[in-house]
Structure formats: C-alpha cells, structure tokens
Amino acid sequence: MKKIILVAVILFSWVLSAQGADLKIGHVDLNKALNESDSGKKAKKTLEDMVNSKKSILVEKEIELKKLQEELEKQSSVLTPEAKKSKEEQFNKILRDYQKMVKDFTDELQKKEEEFSVGIQKDLIEFVNKLGKDEGYTIIFGLEKGARGIIYSPDELNLTDKVIKKYNEITNAKK
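Note that the numbering used here numbers the sequence shown so that position 61 is 76, with each residue one more than the last.
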C-alpha cells in the first residue's frame with residue numbers, strides 16, 4: 016500500500032512539474048484529530064458519563080444476584096425441592112435480566128460511540144477538503160487505517176471519467 020502511494024505521489028509530481036504547477040502535499044491523522052479535537056473530547060466525556068450512570072445500575076443488580084446466590088447456598092439443605100426450584104428460577108431470571116441489561120448497554124454504548132465518531136470524522140473530512148482548496152494543496156493523505164488513501168485532491172486530478180471513456184472505447188472496439 017505504501018509503495019502504491021509513493022508511486023502515485025511520484026507520478027503526480029512528475030505530471031504537475033511537467034505542467035509547471037507547484038506540488039503541495041499534506042497528511043492528516045484523522046484518529047488523532049478525532050481524539051484531540053474539542054468535539055472528540057466532548058463526545059468521549061459524554062460516553063464516560065453514560066458508562067458511569069449505567070455502571071451503578073449494574074452494580075446494584077450484581078449485589079442482588081450475589082445476595083440471592085448466598086441465600087440459595089445457605090438455605091439449600093433446608094428448603095423443600097419446590098422452594099429450592101423456585102429460588103433457582105428467581106435467581107436465573109434475575110441473571111438473565113442482568114445479562115440482557117449488560118448486552119443492551121454495550122450495544123447502546125457502541126452505537127453512540129460509532130454515531131459520535133462517524134459524525135465528527137465526516138465534519139473533519141469536510142474541513143480537510145475546504146482546507147485543501149483554500150490553502151492550495153494538491154493532495155492530502157489520511158494516515159490511519161480508516162483513510163489510508165487520498166482525502167483531498169483537486170477535481171482536475173480525478174481521472175475516473177477519462178479512464179471510463181477510454182476503457183469503453185477500447186473494450187467496444189474489440190467487440
């Protein structure tokens with residue numbers, strides 16, 4: 016991947032130098048920008064507050080489960096089989112409720128985290144595009160896993176339509 020990017024940069028440099036244009040290249044670590052921006056810090060704080068509020072509810076359920084389990088162990092020898100079964104069913108119901116609560120909370124937290132990060136990254140990419148245009152960058156690369164490619168380049172460097180046209184001409188001529 017790095018070789019492809021290096022070759023692309025060299026080719027762009029060569030094409031632009033042949034045209035007499037200045038080459039201005041930049042890169043952005045979107046993960047760092049996400050984590051260190053005020054919006055990113057605010058989102059992280061919101062998620063931490065969410066975790067803390069749910070944590071107290073989960074701790075209460077854990078205490079209830081431990082208490083019930085201890086009761087069951089202490090009384091198991093004196094309980095009738097029906098009473099023991101009833102206590103076990105009660106324990107299992109509370110355990111299932113607890114497990115569902117943990118799963119629901121985890122899902123909700125992941126959804127919120129994704130919602131925050133996708134929204135902020137979208138804003139950051141829009142900002143990088145504006146910055147690229149305003150400050151005359153030729154190309155701005157993303158550094159992290161999610162955006163290893165080009166984040167910004169001017170429209171005149173986009174060869175997609177030209178490639179499609181030429182490719183269609185070549186493939187249609189062969190038919």
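Backbone N, C-alpha and C fix where the C-beta goes; we use that ideal spot for every residue, glycine too.
Item	Value
What are the partner residues of V43, as DSSP defines its beta bridges?	G157
Less than 8 Å between the CB atoms is what I'm expecting for G147 and Y167, so what's the real figure, rounded?	4 Å
Between I140 and A58, is the Cβ-Cβ spacing less than 8 Å?	no
Among residues of its own chain, excluding the 5 on either side of K102, which ones have a beta-carbon nearer than 6 Å to its beta-carbon?	L87
Considering only residues of the same chain and omitting the five flanking positions on each side of L49, which have a CB-CB separation below 8 Å?	G55, S132, I135, Q136 and L139
Between the beta-carbon of I109 and the beta-carbon of E79, is there less than 8 Å?	yes
Counting along the chain, where does the beta strand (DSSP E) carrying Y167 start and finish?	I165 to Y167
Is the Cβ-Cβ distance between F120 and Q84 less than 8 Å?	no
Quick check on L174: buried or exposed, where buried means 16 or more other Cβ atoms within 10 Å of its Cβ?	exposed
Helix, strand or coil: which one does DSSP assign to S52?	coil
Assuming L124 contacts M65 (C-beta within less than 8 Å), just tell me the rounded distance between them.	6 Å
Could you give the distance in angstroms between the alpha-carbon of A33 and the alpha-carbon of K126?	Only weak support exists for where A33 lies, its pLDDT of 47 falling under 50; the value from the coordinates is given anyway. Each residue's Cα considered, the two are about 49 Å apart.
Give the single residue among S52, K89 and N183 whose Cα lies nearest to the Cα of F142.	S52
With H, G and I counted as helix, E and B as strand and the rest as coil, what does DSSP make of G147?	helix
Apply the 10 Å Cβ neighbour rule to I155 and answer buried if 16 or more other Cβ atoms are within range, or exposed otherwise.	buried
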